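Contents: one structure, followed by commentary.
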Amino acid sequence: MYALRLLTFLRPYKGRTALAFLAIVGAGGFLLAIPQLIRWAINYGLGASVEGGEIISDGNTSTLIIAAVAVMGAALLRGVFAFFQTYQGEWISQRVAYDLRNRIYDRLQRLSFAYHDRQQTGQLMSRATQDVEAVRWFIHMGVLRAGYIFLILIAILILMAVTNWKLTLVAWAFLPLIAWRSTVMALSLRPLWMKIQEGLARLTTVLQEALTGARVVKAFAREKHEGAKFGREAEALFADSYRGSRIQAVNSPMMTGLWLAAIGATLWFGGREVVNGNLNIGELTLFLLYLTMLNMPVRMLGWIIMITSRAQVSGQRIFEILDAESAVKEKPGAIELEAVQGRVRFEDVSFGYDSISPVLKGVNLEAKPGQVIALMGPTGSGKTTVVNLMPRFYDITSGTITIDGIDIRDATLASLRRAIGTVQQDVFLFSATIRDNIAYGAVDASQEQIEAAAKAAHIHDHIAALPDGYDTWVGERGITLSGGQKQRLAIARTLLMDPRILILDDSTSSVDTETEYLIQQTLTGLMEGRTTFVIAQRLRTVKMADQILVLEDGEIVERGNHTQLLRRGGLYRQIYDLELRDQEEALPSPAGEQVPTAAAGS
17 MYALRLLTFL
27 RPYKGRTALA
37 FLAIVGAGGF
47 LLAIPQLIRW
57 AINYGLGASV
67 EGGEIISDGN
77 TSTLIIAAVA
87 VMGAALLRGV
97 FAFFQTYQGE
107 WISQRVAYDL
117 RNRIYDRLQR
127 LSFAYHDRQQ
137 TGQLMSRATQ
147 DVEAVRWFIH
157 MGVLRAGYIF
167 LILIAILILM
177 AVTNWKLTLV
187 AWAFLPLIAW
197 RSTVMALSLR
207 PLWMKIQEGL
217 ARLTTVLQEA
227 LTGARVVKAF
237 AREKHEGAKF
247 GREAEALFAD
257 SYRGSRIQAV
267 NSPMMTGLWL
277 AAIGATLWFG
287 GREVVNGNLN
297 IGELTLFLLY
307 LTMLNMPVRM
317 LGWIIMITSR
327 AQVSGQRIFE
337 ILDAESAVKE
347 KPGAIELEAV
357 QGRVRFEDVS
367 FGYDSISPVL
377 KGVNLEAKPG
387 QVIALMGPTG
397 SGKTTVVNLM
407 PRFYDITSGT
417 ITIDGIDIRD
427 ATLASLRRAI
437 GTVQQDVFLF
447 SATIRDNIAY
457 GAVDASQEQI
467 EAAAKAAHIH
477 DHIAALPDGY
487 DTWVGERGIT
497 LSGGQKQRLA
507 IARTLLMDPR
517 ILILDDSTSS
527 VDTETEYLIQ
537 QTLTGLMEGR
547 TTFVIAQRLR
557 TVKMADQILV
567 LEDGEIVERG
577 NHTQLLRRGG
587 LYRQIYDLEL
597 RDQEEALPSP
607 AGEQVPTAAA
617 GS
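Residue numbering for the sequence shown follows my numbering, beginning at 17 and increasing consecutively.
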């Protein structure tokens with residue numbers, strides 16, 4: 017039961033939970049005392065009794081005053097305990113929600129790329145928000161509030177039985193019907209709540225995609241299509257939610273009707289007992305007050321069942337994340353990589369996202385410190401996969417990858433990724449200042465270090481020209497910057513980490529020719545003593561490589577430098593003729609190399 021498993025999140029708050037239940041006992045005790053005080057007032061303050069079918073009163077004013085003061089005092093104390101019950105319940109439920117959100121976020125951060133490749137962002141967002149909120153309601157209303165309700169329910173049933181067991185049997189005759197109806201509703205609501213939560217997640221996914229891809233939607237004039245798609249999900253969610261509300265709407269008056277029937281039957285039988293002298297007026301009043309108090313627990317049973325059913329579904333969805341196992345795991349006793357030199361070796365490395373379709377097959381390569389390794393090949397040949405395996409974004413299927421002779425699976429993930437700086441093709445920037453984005457991997461970096469990295473990436477002058485300089489706010493996903501500016505910021509962010517191994521995944525693809533030239537000139541100096549892997553489609557990058565690896569269908573089919581590979585006339589020659597030859601004319605001659613005069617663009 018996921019609902020029971022959710023209760024383990026109360027363990028850190030055992031003290032407060034105990035105080036909450038103490039407040040429940042206090043509030044319930046004083047509530048139950050009020051009918052007893054009223055019975056005492058009727059029997060001794062009013063002195064009411066029935067003789068010969070007539071009500072006779074022999075009252076005592078002082079007793080009535082004492083009873084009235086006692087009732088008000090009990091009501092006041094019940095209010096005080098009820099306040100602490102509500103306060104503690106809200107505090108505990110909010111803390112549980114806080115813990116759950118942090119656990120979910122932490123788990124998502126630690127799961128490997130393989131997990132995120134299979135998940136939709138909207139689904140994960142829904143579980144971290146709507147499902148956690150459902151759990152919060154369960155803790156507050158389904159656990160703590162339910163404790164109060166069940167305390168009142170059990171106490172009243174016992175007090176009724178002690179007062180008059182015959183009358184109690186009359187009232188209890190309706191309890192099996194109430195229990196049956198509550199069970200039917202619970203069984204009906206649980207699968208329905210699963211559909212509702214999944215519908216909310218789908219709706220969130222559609223909304224998230226439409227907002228993220230708003231420019232694409234407008235560029236292709238697909239507003240109506242996206243609106244219709246959102247409308248279909250919203251309509252399905254409405255239908256399921258309406259069905260759930262209809263079940264509750266039918267159940268609530270049915271519960272109330274059963275309760276009123278119990279009151280009617282009790283009043284009829286109790287009235288006869290009073291007339292026959294087997295019960296006094298105070299006891300009948302006491303019994304009816306207790307029966308009236310049962311109204312709230314009975315009506316709340318359906319509400320608690322609904323909340324518990326929803327929490328059961330939400331708990332299942334939450335624990336699917338918390339129980340997920342990362343495909344990339346850090347082994348116990350993993351070592352810290354220190355003073356990395358940057359010697360990288362692939363030995364018969366194979367990899368596949370599944371067991372059916374291998375992406376890499378028997379890859380062997382060695383990169384020495386200070387070398388530049390260029391990866392070439394057609395789309396889908398496995399170039400990006402090769403560089404993604406080094407920081408263990410994915411784990412290899414077979415073979416070994418070592419850095420300085422140490423198997424990367426024996427190293428801690430943190431130290432491994434500190435040693436490797438990656439500039440990805442799809443640049444992601446956070447909604448923060450330019451300074452924060454550059455210093456993301458080195459939060460303690462000084463302003464001078466940040467500016468030095470920006471100068472190295474040839475973005476400093478642009479930043480300095482902005483009104484707020486390095487305090488300029490970058491829009492969501494860097495939307496306020498051009499493609500070239502984002503890539504230069506990403507390069508600066510990586511360079512600031514001062515990694516011993518650089519991975520540049522086509523990192524100059526979105527910059528103009530002049531900026532590419534300037535970046536390459538700077539990177540030439542920065543690559544000294546570092547192992548650099550470059551995935552590029554620019555001839556200048558290819559020519560500066562110490563070794564070019566040409567991949568096809570997940571295998572290295574050619575290796576060598578630019579001149580050697582051209583002479584062989586293989587796949588590299590084909591790529592050169594189709595994609596790189598036109599760039600040859602744009603390159604300056606070695607003797608008179610000059611910076612291209614193309615306008616510095618985006």
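Virtual Cβ for every residue (Gly too), placed ideally from N, Cα, C. Fair warning: this is a prediction, and the values are worked out from it, not measured in the lab.
query: Distance, Trp-489 Cα to Gln-580 Cα; result: 48 Å
query: Per DSSP, cross-strand counterpart(s) of Phe-625; result: Since the first residue shown for the chain is 17 and the last is 618, residue 625 is missing from the structure and cannot be characterised.
query: Cα-Cα separation between Arg-361 and Gln-104, rounded to whole angstroms; result: 58 Å
query: Neighbour-count burial assignment, Gln-110, 16 or more Cβ in a 10 Å radius; result: exposed
query: 8 Å Cβ cutoff met for Val-148 and Ile-337; result: no
query: Residues of its chain near Arg-117, where Cβ-Cβ distance is below 7 Å and the 5 sequence neighbours each way are ignored; result: Ala-144 and Val-148
query: Pairwise C-alpha distance: Asp-256 and Ala-340; result: 29 Å
query: Residues near Gln-440 in its chain [Cβ-Cβ closer than 6 Å; skip 5 each side]; result: Asp-521
query: CA-to-CA distance, Ala-468 to Leu-565, given in whole angstroms; result: 32 Å
query: Pick from Leu-353, Thr-510, Thr-324 and Ala-277 that is closest to Met-17, judged by C-alpha positions; result: Thr-324
query: Reference Met-170, options Thr-400, Leu-310, Met-316 and Trp-181, closest by Cα; result: It is Ile, not Met, that sits at residue 170 in the sequence shown. Selected option, being the one with the closest Cα: Leu-310.
query: Proximity winner among Ile-422, Trp-196, Arg-238 and Thr-301, relative to Ile-351 (alpha-carbon distances); result: Ile-422
query: Cβ-based neighbour list, Gly-69, same chain, cut-off 8 Å, excluding 5 preceding and 5 following; result: Confidence is the limiting factor: at Gly-69 the pLDDT is only 49, short of 50, which leaves the residue's position unreliable and the question unanswerable from this model.
query: Gln-104 (DSSP reduced to helix, strand or coil); result: helix
query: DSSP three-state assignment for Arg-361, whether helix, strand or coil; result: strand
query: Selection from Tyr-131, Lys-384, Ser-397 and Asn-380 that minimises the alpha carbon distance to Ser-373; result: Ser-397
query: Inter-residue Cα distance where the pair is Val-356 and Arg-516; result: 6 Å
query: Assigned exposure category for Asn-267 - 16 Cβ within 10 Å defines buried; result: buried
query: Contacts around Ile-108, its chain only, beta-carbon distance under 8 Å, and the 5 residues preceding and following it disregarded; result: Leu-26, Tyr-29, Arg-32, Thr-33, Ala-36, Ile-155, His-156 and Leu-160
query: Met-157: first and last residue of the uninterrupted alpha helix (DSSP H) it sits in; result: Premise fails: Met-157 is in no alpha helix (DSSP H) and is neither H nor E.
query: Nearest neighbour of Leu-405, chosen from Thr-395, Ile-424 and Gln-465 [CA to CA]; result: Ile-424
query: From Met-176, Asn-453 and Gln-590, residue whose alpha carbon lies closest to that of Leu-295; result: Met-176
query: Distance between beta carbons of Gln-328 and Gly-19, contact taken as under 8 Å; result: The question names Gly, yet the displayed sequence has Ala at residue 19. Confirmed, about 5 Å.
query: Pairwise C-alpha distance: Arg-218 and Thr-557; result: 44 Å
query: contact_flag[the region 280 to 290, the region 241 to 252] where n(CB pairs < 8 Å) is 3 or more; result: no
query: Span of the alpha helix (DSSP H) around Asp-514; result: No alpha helix (DSSP H) holds Asp-514; DSSP gives it neither H nor E.
query: Residue of Thr-418, Ile-412, Pro-394 and Thr-400 minimising C-alpha distance to Glu-595; result: Pro-394
query: Residues of its chain near Ala-455, where Cβ-Cβ distance is below 6 Å and the 5 sequence neighbours each way are ignored; result: Ala-461 and Ile-466
query: Secondary structure of Ile-591, DSSP reduced to three states; result: helix
query: Buried/exposed call for Lys-502, threshold 16 Cβ in 10 Å; result: buried
query: Val-186 - DSSP class collapsed to helix/strand/coil; result: helix
query: DSSP three-state assignment for Arg-546, whether helix, strand or coil; result: coil
query: Per-residue burial, Leu-307 [other beta carbons within 10 Å of its own, 16 or more giving buried]; result: buried
query: Beta-carbon proximity of Leu-432 to Thr-401, cut-off 8 Å; result: no
query: Ordered list of alpha helix (DSSP H) runs contained in the region 190 to 263, each at least 4 residues; result: 191 to 228 and 230 to 235
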